[in-house]
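Using the numbering used here, you'd call the opening residue of the sequence shown number 1 and step up by one each time.
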Amino acid sequence: MPNHQDNSTLPSRTDVLIVGAGPTGLALACALHSQGVDYIIIDRAAGNAVHSRAAAVHARTLESLATIGAADALVELGRPGRSFTARDGERRVIHTPFDELDTPYPFVLAVPQQTTEEVLEDRLRQLGGHVHRRQTLLALDELFPGVNALVSNDDTGEVRAVQARYVVGCDGLHSTVRKQMDIPFVGHEKPHNFALIEFTMEWSGPEGEITFFFSPAGLLAVSHLQGETYRVVALVDDDTPAPDAAAVQELLDTRGPSAAGAKVKDIQMASTWRVRHRLADTFGKGPAFLVGDAAHVHSPVGAQGMNTGLQDALNLAWKLAAVLNGTAGPELLSTYNAERRPMAQGLLSFAAQLHDISTMSDLNKIRMRNDVLSAVGELPEVRTWLASRLAQLSVSYGGGNGPSPAVGERMPPRPGMAEGLGWSLLLPPGADRAATEAAAEESPTPLAVAEVADLPHAVLVRPDGHIALTAPATEAPELPGRLVEWLHRPGPSAA
C-alpha cells in the first residue's frame, strides 16, 4: 500500500502523477490508493473550490463512487431529485421519473460540486492519502518509459523534478498536461451565455423535482439543494452582469415558478459564463491521459459534465492498477481512449441537442417542441430511455450481441458482487458453481463468484461495472482462464 502520510516534500518518483485535485483527480486518487498503486496528486490551489458550476450527481456516478467508499457520505449531504421535468410556465411538457431505474440510487442527487470535492478529499484522507497543494505543473518531457515533470512549489518557488510511469491530466479546460503533450482540443463556443446563481428563497414548488422552465425569454433550470437553498442556471444576454436578488426574482417571475409564489431572499453566489463545446483529439498519448474537462467540455444542460469526468476516472483507474501490478498487459490502457472518447463524443452531441431544444426562441418552434415532447413523453419507453440516458446508466462500450446484459454493457449491482474495485463472475441458474469457484481460485485476478437468478448467461464484470466477457452457463468455469487472455489481448478492441 502506498505511503502518503508525509505532506512536507514532493516525492521525486511515483507510478502515477495526477495533475488536478477537482472531483475527477480526487476520485482517481481514491481509486488508485484503494488498489495499492503508488501515486502523487498535485493541485495549484490552496484548497477545494468555494463555488462551482456542477450541482448534480447521477445514478451511475453514485454507483462508481460506491466502489471507492464515497457514495453514502455524499448522499447524506445532498438532496435526491426523484424526477426531471420540463415545463413551459405552468404547463408540464415532459416528466421523467427516475424511481424505476435498476440502480441502488434511483434519483439525481442535488449537491454542490464543492461538497463533492470535500467528500472525496475526506475519503482520500481516510484511505491514508492527501493532496500536495500549491504545486503547479510547469513542463512535461517524455521518457522511455514514463515522463519527467517539472513542478513548482508556489509558496517557496522551489522547482522539483518528478519522474512518473504515467501522468493523468485532471486539470480542466486549460489543461497543462494536454498542452504539454500537444493534444489538440477542437470545438467551438455556443452563442449563449449562462448565469449560475445559488440563493435562498421561499417556494412551494414541486418537491423532489429537477425543473427546466422553457420560456421565449430563455431557459431557466431550478434545483433544490438543501433547506431554503436553491440553484438556478439561466440563459442570459451577453452583457448581463452577475445577477442580484432583484434580477433573480425577475428571472423567476418571467420564466418560471411564479404561480408557486417564489420569493428570492439572499444571493449566496452568482456568476456568468459562455458555453463551450470541445473534445480532445485523443484521451491518451504515450504515458499521458486526459480525464474530465481536460478531455471534454460542453453545455451544462443535462448536468452531464462532472459525472462524465468521474466515469473517466474510474474507467482509467482499474486499468492503470492492472497494468502496474502485472495482471494486465500495457495494451489494456489503449482501451481507455477507445471506450471513453466515443462515449464523450456522443455525450457532446446529446448535450448539444438538449441545449438547442432548451434554448429555442422562435414561438412556432417552441409550440411544436412542446407538443412533440408532450406526446412522446406519454410513452413509457421514451421516459425510461431518457431517464436512463440522463442517469448515464445506458452507457455501453459495445462489442457484444445477443441477450442483455452483453459485453460492454453496464451490469446493474447485484448481491454477491465484489466490493470496491474488484472483479465479479456472476452465474445464471444451472451453472456449476463449485467448478467455477475452483477455477476462480486459480486466477491471478481475484474473482467474487455469485449466483444471479435473472441472468441468461454467465458474465464477468469489470471493476467499473461493465461486462468484459460472457459465456453460456455450461462454460462458466472457463471464464477465469479467458480473463487472463482478455487482459493481455492487443488493444484497443477489448471491451
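No residue lacks a Cβ here, since even glycine has one placed at the ideal position from N, Cα and C.
Treat the numbers as computed from the prediction; the structure is a model and nothing was measured.
query, result
"Identify the residues that DSSP records as bridge partners of residue 94: which are they?", "86"
"Could you say which of 112, 261 and 286 lies nearest to residue 90 if we only look at CA atoms?", "261"
"If we count the other Cβ atoms within 10 Å of its Cβ and call it buried at 16 or more, is residue 318 buried or exposed?", "buried"
"How is residue 325 classed by DSSP in three states: helix, strand or coil?", "coil"
"Which complete beta strand (DSSP E) runs does the segment 224-283 hold, if anything under 3 residues is left out?", "229-236 and 263-280"
"Are the CB atoms of residue 69 and residue 13 nearer to each other than 9 angstroms?", "no"
"Using 8 angstroms for Cβ pairs, my map puts residue 46 next to residue 134. What's the rounded Cβ distance?", "6 angstroms"
"Below 8 angstroms CB to CB, which residues in the same chain sit around residue 478 once its five sequence neighbours on both sides are set aside?", "439 and 471"
"Considering residue 80, what are the terminal residues of the beta strand (DSSP E) in which it resides?", "79-81"
"State the Cα-Cα distance for the pair residue 22 and residue 396, rounded to the nearest angstrom.", "26 angstroms"
"Flag this pair as touching only if the segment 339-353 and the segment 54-62 have three or more C-beta atom pairs under 8 angstroms; answer yes or no.", "no"
"On the DSSP bridge assignment, give the partners of residue 39 in chain order.", "16"
"Is the beta carbon of residue 448 closer than 9 angstroms to that of residue 419?", "yes"
"Rounded to the nearest angstrom, what separates residue 6 and residue 154 at their Cα positions?", "For residue 6, the pLDDT reaches just 44, beneath the cut-off of 50, and the residue's location in the model is therefore unreliable, leaving the point undetermined."
"From the DSSP output, in three-state form, read off residue 318 for me.", "helix"
"Answer yes or no: do residue 148 and residue 272 have a C-beta to C-beta separation smaller than 9 angstroms?", "no"
"Note the first and the last residue of the continuous beta strand (DSSP E) segment covering residue 134.", "Counting along the chain, residue 134 falls outside any beta strand (DSSP E), and DSSP gives it neither H nor E."
"Name, in chain order, the residues that DSSP records as bridge partners for residue 148.", "141 and 163"
"Relative to the C-alpha of residue 453, which candidate in 467, 469 and 428 has its C-alpha closest?", "428"
"With a cut-off of 8 angstroms on the beta carbons, I'd call residue 266 and residue 199 a contact; round off their distance for me.", "6 angstroms"
"If we call anything under 9 angstroms between Cβ atoms a contact, is residue 410 one with residue 466?", "yes"
"List the whole-angstrom C-beta distance separating residue 95 from residue 377, where the pair is believed to meet the contact cut-off of C-beta under 8 angstroms.", "6 angstroms"
"Restricting to Cα atoms, I'd like to know which of 225, 223 and 270 is closest to residue 246.", "270"
"To the nearest angstrom, how far is it from the Cα of residue 223 to the Cα of residue 208?", "9 angstroms"
"According to DSSP, residue 410 sits in a beta bridge with which residue or residues?", "466"
"In this structure, does DSSP put residue 350 in helix, strand or coil?", "helix"
"For the candidate residues 483, 164 and 238, whose alpha-carbon lies nearest to that of residue 441?", "483"
"For the 8 angstroms Cβ check, are there 3 or more pairs between the segment 275-289 and the segment 30-42?", "no"
"Excluding sequence positions up to five away, which residues of its chain have a Cβ less than 6 angstroms from the Cβ of residue 488?", "329"
"Out of 161, 361, 455 and 464, which one is the CA nearest neighbour of residue 142?", "161"
"Can you find the residues in the same chain that come closer than 8 angstroms, C-beta to C-beta, to residue 437, ignoring five residues on each side of it along the sequence?", "449"
"CB-CB under 6 angstroms to residue 416, same chain, minus the five flanking residues each way: which ones, in chain order?", "450"
"Please report the distance separating the alpha-carbon of residue 280 from that of residue 309.", "13 angstroms"
"Can the beta-carbon of residue 357 be found closer than 9 angstroms to that of residue 369?", "yes"
"Assuming residue 65 and residue 71 form a contact by the criterion Cβ under 8 angstroms, report the distance between their Cβ atoms to the nearest whole angstrom.", "4 angstroms"
"Whole angstroms are fine: how far does the CA of residue 24 sit from the CA of residue 74?", "15 angstroms"
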